[in-house]
Every structure is written in structure tokens, then in C-alpha cells.
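A.B. asks: All residue numbers for the sequence shown refer to the working numbering, where the first residue is 3 and numbers rise by one. The C-beta atom is built at its ideal place from N, Cα and C for all residues, glycine as well.
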Amino acid sequence: MTNPLGVYVHWPFCSRICPYCDFNVYKNKAVDAQTWTTALKRDLNYWAERTKGRKLTSLYFGGGTPSLAPIETITGVVDACAELWGFEAEAEITLEANPTDAERTRFDAFAKAGVNRLSLGVQSLRDDALIFLGRNHNANDAKRAIETARSVFERITFDLIYARPDQSIDAWRNELSEAIKLGATHLSLYQLTIEPGTAFAKAVDAGRWAALEEDQCADQFALTQELTEAAGLPAYEISNHAALSDQSRHNLIYWRYQDYIGVGPGAHGRLTWNDERIATQTHDRPDAYLTSVEKTGTGLNASEQLDQEAQLTERLSMGLRLREGITLYADDYFYNDDTRAEKLLQLTSDGLLANNCGRISATPKGRPLLNAVIRDLLT
Ligand SMILES: C[S@@+](CC[C@H](N)C(=O)[O-])C[C@H]1O[C@@H](n2cnc3c(N)ncnc32)[C@H](O)[C@@H]1O
3 MTNPLGVYVH WPFCSRICPY CDFNVYKNKA VDAQTWTTAL KRDLNYWAER TKGRKLTSLY
63 FGGGTPSLAP IETITGVVDA CAELWGFEAE AEITLEANPT DAERTRFDAF AKAGVNRLSL
123 GVQSLRDDAL IFLGRNHNAN DAKRAIETAR SVFERITFDL IYARPDQSID AWRNELSEAI
183 KLGATHLSLY QLTIEPGTAF AKAVDAGRWA ALEEDQCADQ FALTQELTEA AGLPAYEISN
243 HAALSDQSRH NLIYWRYQDY IGVGPGAHGR LTWNDERIAT QTHDRPDAYL TSVEKTGTGL
303 NASEQLDQEA QLTERLSMGL RLREGITLYA DDYFYNDDTR AEKLLQLTSD GLLANNCGRI
363 SATPKGRPLL NAVIRDLLT
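1. I want to know whether the segment 143 to 162 touches the segment 202 to 217 - three or more CB-CB distances under 8 Å.
2. Over the uninterrupted beta strand (DSSP E) stretch that includes ILE362, give me the two end residues.
3. What is the residue span of the alpha helix (DSSP H) that GLY384 lies within?
4. Give me the DSSP bridge partner(s) of PHE160.
5. Can you find a heavy atom of ligand 1 that lies under 8 Å from the Cβ of PHE134?
6. Would you call the CB atoms of THR150 and ASN100 closer than 9 Å?
7. With a CB to CB cut of under 6 Å and the five nearest residues on each side skipped, what residues in its chain are close to TYR48?
8. Does TYR256 come out as helix, strand or coil in the three-state DSSP assignment?
9. Which word fits ASP261, buried or exposed, when buried means at least 16 other C-beta atoms lie within 10 angstroms of its C-beta?
10. Count the other CB atoms within 10 Å of the CB of ASN5; is the residue buried (16 or more) or exposed (fewer)?
11. Which full runs of the beta strand (DSSP E) of 3+ residues lie inside the segment 177 to 255, going along the chain?
12. Sorry if obvious, but does the Cβ on TYR10 come closer than 8 Å to a heavy atom of ligand 1?
13. Run through DSSP, which three-state label would GLN307 get?
14. With hydrogens ignored, establish whether the beta-carbon of PHE202 is closer than 8 Å to any heavy atom of ligand 1.
15. Between ILE182 and ALA233, how many whole angstroms is the CB-CB distance? I'm expecting something under 8 Å.
16. Would the beta-carbon of ASN5 be found less than 8 Å away from any heavy atom of ligand 1?
17. Apply the 10 Å Cβ neighbour rule to ASN26 and answer buried if 16 or more other Cβ atoms are within range, or exposed otherwise.
18. Specify, as a first and last residue, the run of the alpha helix (DSSP H) that ASP340 falls within.
19. Report the option in LEU324, ARG342, THR187 and ASP378 whose CA atom is closest to the CA atom of ALA245.
20. Please report the Cβ distance between LEU132 and THR159, rounded to the nearest whole angstrom; I am assuming they are in contact, meaning their Cβ atoms lie under 8 Å.
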């Protein structure tokens with residue numbers, strides 16, 4: 003597929019705000035299904051007008067907690083996408099869910115609406131860690147949710163957060179081995195990051211506890227690669243693990259710097275339009291988003307034409323996260339700056355990057371240091 007197109011729908015509401023989370027989220031208040039269904043469909047229509055003739059490769063309901071959204075809103079959005087663009091064969095429709103919303107009837111309703119891949123925010127299989135992470139489910143709830151999801155959806159994935167304070171490498175080995183045995187075909191394994199402005203950042207700044215040491219993080223990262231590879235779930239992206247057939251088609255659009263539309267409060271988009279690359283962002287606040295759609299037909303708050311330098315920065319930052327890396331052709335803008343070619347040579351001879359006939363990728367040695375490698379390449 004030459005130029006896949008995806009749609010990302012951000013559902014910003016959660017039953018509680020987790021202390022580590024800096025996503026665009028709001029404590030759930032009763033939402034009016036009709037209001038949100040109409041608004042999201044209008045915003046989708048706005049973008050369909052501007053991307054005529056393209057079909058959708060993927061649709062992704064992210065959050066926040068989309069599993070809290072009214073079923074009629076999920077159904078309304080899927081149907082609108084089918085009508086406005088149509089889906090490619092094998093199109094992927096993912097919904098992020100919390101284990102607390104794992105009733106069989108609810109998952110059946112999502113599947114009936116067209117969702118064919120479920121992403122569960124499990125975060126940990128240890129009760130003490132789930133309490134620390136401020137989650138409102140325990141390990142047994144999570145395992146039940148995974149089982150229910152596997153009985154409804156052919157493709158499921160779940161998220162785990164590791165490299166938690168005081169987490170030993172043996173504890174992570176046991177937890178990850180247990181997670182792998184739960185039979186998901188895809189795993190998202192994130193190292194805990196302390197995001198500015200979160201409750202966790204305040205706790206760390208107040209000295210209440212400290213993040214895990216970098217070398218322990220690196221050891222746990224290496225162990226994660228080893229165990230998942232051995233289980234047939236190799237890392238295809240820094241934090242994402244799956245066999246080839248189960249890789250996330252929607253997220254690959256982000257990492258391969260392809261086109262996606264973002265609707266819902268605080269959603270981002272990247273579109274190739276009249277040979278220009280456009281970055282879009284909608285209003286963050288739900289009320290401002292609804293007002294904007296009412297007045298203008300879209301929740302768009304800002305759009306920016308990305309120049310070559312900005313595009314290169316994004317393409318490298320996203321693409322080098324992938325095991326497949328990115329291709330730099332001889333006439334690539336990358337080579338407009340001679341110092342960059344020298345740095346590429348240096349990083350390759352340092353064994354941090356590999357250059358296979360123009361296909362640039364991070365090596366196992368370079369992957370844990372990716373942010374520094376990209377910074378080095380671009381500055
Ligand atoms: C959009 S969130 C998913 C939200 C979903 N409602 C949930 O909480 O289950 C995507 C994932 O990012 C990960 N994540 C969020 N904040 C993180 C942080 N500070 N450090 C590491 N992983 C984080 C979590 O694993 C989370 O499931």
C-alpha cells in the first residue's frame with residue numbers, strides 16, 4: 003500500500019487520572035452520547051472532504067479510556083469512516099480499554115461495531131505495583147480482562163509499565179514471563195517515565211521516592227528484548243513486540259511517517275496535502291473542541307506546514323524507533339548538510355547505527371541510547 007491513511011480518535015475521559023499520565027485526559031463526567039457522536043462525525047466529514055478518494059488502512063480509538071465511551075459513539079464513528087472513506091481490505095480497528103471495563107457484553111458490542119483489535123491498559127500483573135500506579139484494577143481483574151478479550155477479539159495487545167522504582171531484574175523477569183504466557187499476540191512494554199506536571203513528578207521532586215537507576219533500566223530493557231525475542235514476540239519498535247503479522251498497522255503509520263487524521267480533543271494529525279506536509283492539532287479541552295466543531299465543522303485548533311528540516315526531524319525520530327529503520331536515498335534532504343553525513347558515519351563506526359545500502363537502523367547497542375543518537379544526528 004503506497005500511502006496508507008489512518009484515523010486516530012481521541013476519547014479524553016477516564017474514571018480516574020493515573021499519577022504517571024500526561025496524556026490529554028479529563029476525569030469522566032457523564033457525557034452526552036449524541037453530542038459526541040455528532041461532533042466526531044462532523045470533524046471526520048471535514049477531513050473526508052480533504053482526503054477524497056483515499057481508503058482507510060486503520061482506525062484507532064485512543065485515550066483516555068475509549069472503553070468508557072458510549073457504544074453508539076464507537077459505532078457511529080466506525081460507520082462514518084466506512085461511509086466517508088471506506089476501509090481497505092484487512093483494515094485494523096483498534097480500541098484502547100481498561101481492565102475495569104472488560105465485561106463480555108461490552109467487548110461483544112465493540113466487536114459488533116467493527117473493532118477487531120483490543121489494546122488493554124494492564125500496566126502490571128502485581129497488585130502492589132498497580133496500587134503504586136494508581137490503577138483501579140488488580141492483577142486478577144487484568145488477567146480476566148485478557149481472557150475475555152481473547153475470547154472476543156482475534157488480535158489483542160496489552161500494555162505493561164516496567165523499570166518501576168525498586169523493581170529488581172528478577173521481579174521483572176518473573177512478571178514478563180508470566181505476561182508472555184497469557185497469550186497476547188502483541189505486547190507494548192514501556193519503561194516508566196516521570197512526566198513533568200504529573201503527581202509522580204511532584205513525588206520525585208519532593209524526594210518521596212526516586213526513579214530506577216539508568217543502568218538498571220538498561221538491564222531491564224536488554225532482558226525485555228531477550229525474553230520477547232525467545233517467545234516469538236520480537237521488538238519491531240522500541241517498546242512494541244509482536245510477530246510480523248501482528249504488528250500494529252495503525253502505529254506503523256506514525257513510525258513510517260505516513261498520513262493520519264486526528265479527531266477528538268487534543269488529537270494530532272499529519273497529512274500530505276498538495277505535496278506539502280501538514281501538522282494538525284485539535285482543541286485540547288472537550289468543551290472548546292465541541293464549540294469549535296459547532297462553529298467551524300472541525301475541532302482543528304492549529305495546523306502548520308512542516309518545512310524540510312521539521313519533516314526530517316520527525317521522520318528520523320519516528321523511523322529510527324523501528325527495527326526496520328528508515329531509508330535515506332542519495333538525494334534525501336538529510337544529505338543537504340554535510341556534517342550530518344559525517345555524523346552518520348561516526349555513529350555507524352561507533353556501532354550505534356547500521357547503514358545497509360541506505361537503510362539506516364539503530365543497532366541493539368544503539369537502541370537503549372536512541373534519544374541521544376537522534377539528538378546527535380540532528381544537531
Ligand atoms: C494512552 S495510554 C492508555 C490509556 C488507557 N486508558 C489505560 O490507562 O489503560 C497508553 C499507554 O501509555 C503508557 N504510559 C502512559 N504514561 C506512561 C508513563 N509515564 N510511563 C510509561 N508508560 C506510560 C501506559 O502503558 C498506557 O497504557
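C.D. replies: The short version:
1. no
2. 361 to 364
3. Beyond the ends of the chain as shown, which are 3 and 381, falls residue 384; an answer cannot be given.
4. LEU122 and LEU189
5. no
6. no
7. GLY299 and THR300
8. helix
9. buried
10. exposed
11. 188 to 193, 237 to 239 and 242 to 244
12. no
13. strand
14. yes
15. 5 Å
16. no
17. buried
18. 340 to 351
19. THR187
20. With a Cβ gap of about 18 Å, LEU132 and THR159 do not count as contacting.
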